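Reviewing the structure listed below.
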Amino acid sequence: MELLCPAGSLPALKTAIDCGADAVYVGLKDDTNARHFAGLNFNDKKLAKGAQYVRDHNKHLHVAINTFAHPGEQKRWFNAVDKCVDLGANAAIIADIATLDYAVNKYPELELHLSVQASATNTAAIDFYQKNFNIKRVVLPRVLSIHQVKQLSRNTDVDLEVFAFGSLCIMAEGRCYLSSYFTGESPNTVGACSPAKYVRWQETDNGLESRLNNILIDRYQSNEKAGYPTLCKGKFTVDDQLYHALEEPTSLNTLSMIPELMETGITSVKIEGRQRSPAYVEQITRVWRAAIDSYQQAPQQYQVKKDWDVVLANVSEGSQTTLGAYHRDWQ
Amino acid sequence: MKLSLGPLLYYWPKQTTEDFYQQALSSDADIIYLGETVCSKRRELKARDWINLAKALNNQGKEIVLSSMALLEAPSEVKVLKQLCENGELSVEANDIGAIQLLSEKKVPFVCGPAINCYNAHVLKLFVNQGMQRWVMPVELSRDWLQKALIDAQAMGIREHFEVEVFAHGHLPLAYSARCFTARSENKAKDDCELCCIKYPQGRITSTQEGQQVFVLNGIQTQSGYCYNLLNDVESMRGLVDVVRVSPSSLDSLATLQQFKQQILGDSQTIKHDNLQCNGYWHKIAGLSLHQ
Numbered sequence: 003m004e005l006l007c008p009a010g011s012l013p014a015l016k017t018a019i020d021c022g023a024d025a026v027y028v029g030l031k032d033d034t035n036a037r038h039f040a041g042l043n044f045n046d047k048k049l050a051k052g053a054q055y056v057r058d059h060n061k062h063l064h065v066a067i068n069t070f071a072h073p074g075e076q077k078r079w080f081n082a083v084d085k086c087v088d089l090g091a092n093a094a095i096i097a098d099i100a101t102l103d104y105a106v107n108k109y110p111e112l113e114l115h116l117s118v119q120a121s122a123t124n125t126a127a128i129d130f131y132q133k134n135f136n137i138k139r140v141v142l143p144r145v146l147s148i149h150q151v152k153q154l155s156r157n158t159d160v161d162l163e164v165f166a167f168g169s170l171c172i173m174a175e176g177r178c179y180l181s182s183y184f185t186g187e188s189p190n191t192v193g194a195c196s197p198a199k200y201v202r203w204q205e206t207d208n209g210l211e212s213r214l215n216n217i218l219i220d221r222y223q224s225n226e227k228a229g230y231p232t233l234c235k236g237k238f239t240v241d242d243q244l245y246h247a248l249e250e251p252t253s254l255n256t257l258s259m260i261p262e263l264m265e266t267g268i269t270s271v272k273i274e275g276r277q278r279s280p281a282y283v284e285q286i287t288r289v290w291r292a293a294i295d296s297y298q299q300a301p302q303q304y305q306v307k308k309d310w311d312v313v314l315a316n317v318s319e320g321s322q323t324t325l326g327a328y329h330r331d332w333q
Numbered sequence: 019m020k021l022s023l024g025p026l027l028y029y030w031p032k033q034t035t036e037d038f039y040q041q042a043l044s045s046d047a048d049i050i051y052l053g054e055t056v057c058s059k060r061r062e063l064k065a066r067d068w069i070n071l072a073k074a075l076n077n078q079g080k081e082i083v084l085s086s087m088a089l090l091e092a093p094s095e096v097k098v099l100k101q102l103c104e105n106g107e108l109s110v111e112a113n114d115i116g117a118i119q120l121l122s123e124k125k126v127p128f129v130c131g132p133a134i135n136c137y138n139a140h141v142l143k144l145f146v147n148q149g150m151q152r153w154v155m156p157v158e159l160s161r162d163w164l165q166k167a168l169i170d171a172q173a174m175g176i177r178e179h180f181e182v183e184v185f186a187h188g189h190l191p192l193a194y195s196a197r198c199f200t201a202r203s204e205n206k207a208k209d210d211c212e213l214c215c216i217k218y219p220q221g222r223i224t225s226t227q228e229g230q231q232v233f234v235l236n237g238i239q240t241q242s243g244y245c246y247n248l249l250n251d252v253e254s255m256r257g258l259v260d261v262v263r264v265s266p267s268s269l270d271s272l273a274t275l276q277q278f279k280q281q282i283l284g285d286s287q288t289i290k291h292d293n294l295q296c297n298g299y300w301h302k303i304a305g306l307s308l309h310q
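Chains A and B, in that order, are what the protein sequence lines are. The opening position of the first sequence corresponds to residue 3 in this note's numbering, with each subsequent residue numbered one higher. The opening position of the second sequence corresponds to residue 19 in this note's numbering, with each subsequent residue numbered one higher.
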C-alpha cells in the first residue's frame with residue numbers, strides 16, 4: 003500500500019520523501035489544481051527540481067490537474083498535462099472530462115488517476131472513466147463507508163486510492179458549490195474552497211468572530227480555539243438550536259483502519275494537506291510510515307500507538323479526529 | 019423558450035406527490051421531470067412507482083423525463099438506476115456520471131442534469147456523442163460562462179445537437195454528503211433517521227448567529243438558504259437558453275411557472291425581489307447575492 007503525501011512546496015516535497023513517502027502529489031502554480039493558494043505550488047523551475055529529487059530517490063510523482071477547464075481557456079489545462087509528461091511524472095490526477103480526453107488521446111502511455119473531484123462513487127461511474135479514458139486508478143470521495151469501499155473493490159479492477167488523513171471534506175467532492183454560493187469562487191472553478199481573501203477576523207463584544215465574505219461563520223469565546231472559517235464547519239442555528247449544523251472542525255484519521263484498508267486491497271492511502279507546512283508534512287509522513295511498516299512487519303499485532311495519535315491530534319483541525327463517512331455512525 | 023418543472027427535491031407523502039403531478043399536468047410546464055434524486059431511503063414512491071407515475075403522465079401534452087439520483091454509493095442504488103434506464107419509454111435525466119455510462123450503453127437518450135460536472139464544450143461534445151439531448155448547466159455557472167461554452171460548441175459544430183436548460187427558480191442544490199443533515203438536526207444517525215425529512219416538505223432553514231438564512235437542509239443535500247430567482251433575467255437568456263427550470267417547493271411553484279411564461283411571452287414587468295431571494299450565480303457573483 004502506497005503512502006502518498008502532499009507537497010505544496012519544494013521543501014515539503016523533500017521532507018515527504020525524506021520521511022518515508024512512497025509518492026508525493028503536487029500542483030502547478032495556477033488554477034488548474036484544487037489548492038490554488040497564494041505562495042503555494044510549483045513554478046516550472048521548482049517543479050523540475052522536485053521531479054529530479056523524487057526520481058533520485060526512486061519514488062513517484064503525481065501531478066494534480068483537478069479543476070474544470072474554463073470555456074475558451076482549455077489550453078491552460080492541456081498545457082498542464084503536457085508539462086506533467088515533459089517532467090516524466092508518474093501519473094496525472096485529473097477531474098475534468100475534457101482534460102482526460104486530451105491526455106488519453108495525446109499521451110496514451112501516461113498513467114491517469116481519476117481525481118476525487120470527479121466524484122466517482124460507484125461502479126457505473128468508474129466504468130465510464132475506465133472505458134472512455136483508460137484510467138488506472140480512482141481517488142474515492144470521502145462519502146463512502148468502509149463497507150461500500152469494500153464492495154467497490156470487489157467489483158472493479160481499477161486501483162483504489164482513499165483519503166487516510168487530513169482536513170475532512172464532508173460533501174461529495176467536485177459537487178459542492180457552497181464556497182461559490184458564499185464567495186463566487188469554488189474548488190471546481192477557481193481551485194479553492196472558502197478562499198483566504200474573503201476571510202475576516204474581528205474582535206467584538208460577542209467574542210472573536212470569523213467571517214467569510216462578510217457572512218458570520220463562527221464566534222469564539224476567549225477560552226475557545228478558533229479555526230479557519232471553512233464554511234461547512236461553521237456554527238449555525240436550525241430552529242433556534244445553535245450547533246455545527248454540517249460538521250465540527252475536525253480531521254479525518256484512519257490509522258486504526260490500516261488493517262482493513264490493507265485487506266481490502268487499497269492501492270494507496272492519501273494524506274491531505276498541500277496547503278500545510280513542511281513541518282506538518284514531516285510529522286504526518288513519519289507517523290504514517292511507521293504505522294504502515296508496523297502493520298507489514300506483524301499484521302496480527304498491529305495497534306495504533308498512543309504517541310502516533312498525539313502527534314496527529316496536534317496537527318488536526320480543532321485538535322480532534324474522526325473516521326468520517328468510513329464509519330456509518332458518523333453519517 | 020420552453021418551461022420545465024424540475025424533479026421534486028423534497029420528501030412528500032405519496033398522495034401529496036401524486037396530487038401535485040396531476041395539477042402539474044395543467045400547468046405552464048412543457049417538460050416535467052420526476053423521480054427521487056436525493057436519497058434512496060425515501061420510498062413513499064419506489065422506483066417502480068415513479069416509473070408508473072411518469073408513464074401515466076406521458077402523452078398528455080407534456081414531455082416527461084425520469085430523474086435519477088445524484089449520489090450513488092451502494093450497489094442497490096445502481097440497481098435502481100438500471101431499472102430507470104431500462105424503462106423502455108422515457109428519457110432519463112442523469113445526475114451521476116454512472117447514469118451516463120448505463121444510458122449510453124443502452125443507447126437511451128438522456129438529459130445531463132445539474133449535478134454532473136460538465137463545464138465546457140469538449141465535455142458537451144463527448145456527451146452528445148453518447149446520447150445527450152439536453153444540458154442542464156451546473157447551478158454555480160453564470161450567463162457569461164454559458165455564453166463562452168456555447169461559442170465553443172458552435173465552433174465545434176455541436177450547438178444544434180442539444181438544448182440548454184437553466185435552473186431558474188427554487189432553492190439551489192449546492193452539495194451532497196454521506197451524512198444526513200436533517201437526521202443530524204434531530205440528533206439521529208442516518209441509519210436510524212426514521213425518514214424524518216418527510217416532516218419538512220420544504221427542508222429545514224439554517225441561519226447564521228446573526229439570523230442570516232444560509233442553507234436549507236434537505237436530507238443529504240444542502241440547498242441555498244435563499245430562493246434563486248431569475249424571473250428578471252429571462253430577457254438575458256434569449257438566444258442562449260432553450261429551457262427554463264422551476265424547482266418545485268409547493269403548489270406555488272405552478273404559479274411561478276405562470277410568471278415565467280409571461281416573462282417569456284414578453285408581457286410582464288420587472289418584479290421586486292424580497293431579501294430572501296438571490297440571483298448571483300447568473301450574474302457571475304457570489305450565488306447568494308442579489309443583482310438588482
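All residues carry an ideal CB built from backbone N, CA and C; glycine is no exception. Source: prediction; values computed, not measured.
- Among the bridge pairs identified by DSSP, T288 of chain B is matched with none.
- Not a single C-beta of chain A is nearer than 8 Å to the C-beta of K64 of chain B.
- When rounded, the separation of the alpha-carbon atoms in C195 of chain A and L233 of chain A is 9 Å.
- Here S155 of chain A carries a helix assignment [DSSP, helix/strand/coil].
- Inter-residue distance for G53 of chain B and E95 of chain B is about 13 Å (C-alpha atoms, whole angstroms).
- For L214 of chain A, the uninterrupted beta strand (DSSP E) run begins and ends at G209 to L214, by DSSP.
- Cβ atoms of T55 of chain B and M87 of chain B come within 8 Å of each other, at about 6 Å.
- Residues of chain B with a Cβ closer than 9 Å to the Cβ of C178 of chain A are, in chain order, L192, A193, Y194, S195 and T240.
- The continuous stretches of alpha helix (DSSP H) do not include D48 of chain B, and DSSP gives it neither H nor E.
- Among the residues of the region 71 to 104 of chain B, those with a Cβ less than 8 Å away from any Cβ of chain A are A88, L89, L90, E91, A92, P93, E95, V96 and L99, in the order of the chain.
- Segment contact: the region 148 to 166 of chain B against the region 253 to 262 of chain B, three or more CB-CB distances shorter than 8 Å; contact assigned.
- Distance check between D46 of chain B and each of B:H291, B:Q281 and B:G298 places B:Q281 closest, using alpha-carbon atoms only.
- Proximity of chain B to A100 of chain A at the Cβ level (cut-off 7 Å) is accounted for by N138, H140 and V141, in chain order.
- Interface criterion met: the Cβ of C198 of chain B is under 8 Å from a Cβ in chain A.
- If the five residues before and after R222 of chain B are omitted, its C-beta is found closer than 7 Å to the C-beta atoms of T200, S203, V234 and L235, all from its own chain and listed in chain order.
- Judged by pairs of C-beta atoms under 8 Å, the region 278 to 298 of chain B does not touch the region 163 to 181 of chain A, as fewer than three such pairs exist.
- By the Cβ neighbour-count rule, N113 of chain B is buried, with 16 or more other Cβ atoms within 10 Å of its own.
- Contacts with chain A at 8 Å (Cβ-Cβ) do not include A42 of chain B.
- Note on geometry: alpha-carbon atoms of L99 of chain B and F130 of chain A lie some 15 Å from one another.
- When the five nearest sequence neighbours on each side are left out, the beta carbons in the same chain lying within less than 6 Å of the beta carbon of E183 of chain B are those of R152, V154, V261 and R263, in order along the chain.
- Here A122 of chain A has L116, I128, Y131 and V140 as same chain residues with Cβ atoms under 7 Å from its own Cβ, once five neighbours each way along the sequence are excluded.
- Within the DSSP secondary-structure output, E4 of chain A pairs in a beta bridge with A:S270.
- The beta carbons of K73 of chain B and C103 of chain B sit about 15 Å from each other, so the pair does not count as a contact at 8 Å.
- Around the beta carbon of P110 of chain A, fewer than 16 other beta carbons lie within 10 angstroms, which makes this residue exposed.
- Residues M3, V151, S155, L162, E163 and V164 of the same chain have their beta carbon placed closer than 8 Å to that of I268 of chain A, with the five preceding and five following residues left out of the count.
- In the same chain as L168 of chain B, and ignoring 5 residues on each side of it, the C-beta atoms closer than 8 Å to its own belong to A139, R177, V182 and L258, in chain order.
- Excluding the 5 residues flanking it on each side, C171 of chain A has same chain C-beta neighbours closer than 6 Å at R144, in chain order.
- Shown here, F185 of chain B sits in a strand according to DSSP, grouped into three states.
- Taking 8 Å as the threshold, the shortest C-beta distance from Y183 of chain A to chain B falls below it.
- Between Y137 of chain B and F185 of chain B a beta carbon distance of about 15 Å is seen, past the 8 Å cut, so the two are scored as non-contacting.
- Under the three-pair Cβ rule at 8 Å, the region 276 to 294 of chain A does not count as touching the region 221 to 235 of chain A.
- In chain order, Y179, S182, Y183, S188, N190 and T191 make up the part of chain A whose C-beta sits under 8 Å from the C-beta of E158 of chain B.
- Taking a beta-carbon distance threshold of 8 Å, R263 of chain B does not count as an interface residue toward chain A.
- For L144 of chain B, the C-beta contacts it makes with chain A under 9 Å involve I99, A100, D103 and N134, in order along the chain.
- Flagged as an interface residue toward chain A: A133 of chain B, by a C-beta distance shorter than 8 Å.
- In the three-state reduction of the DSSP assignment, M264 of chain A falls in the helix class.
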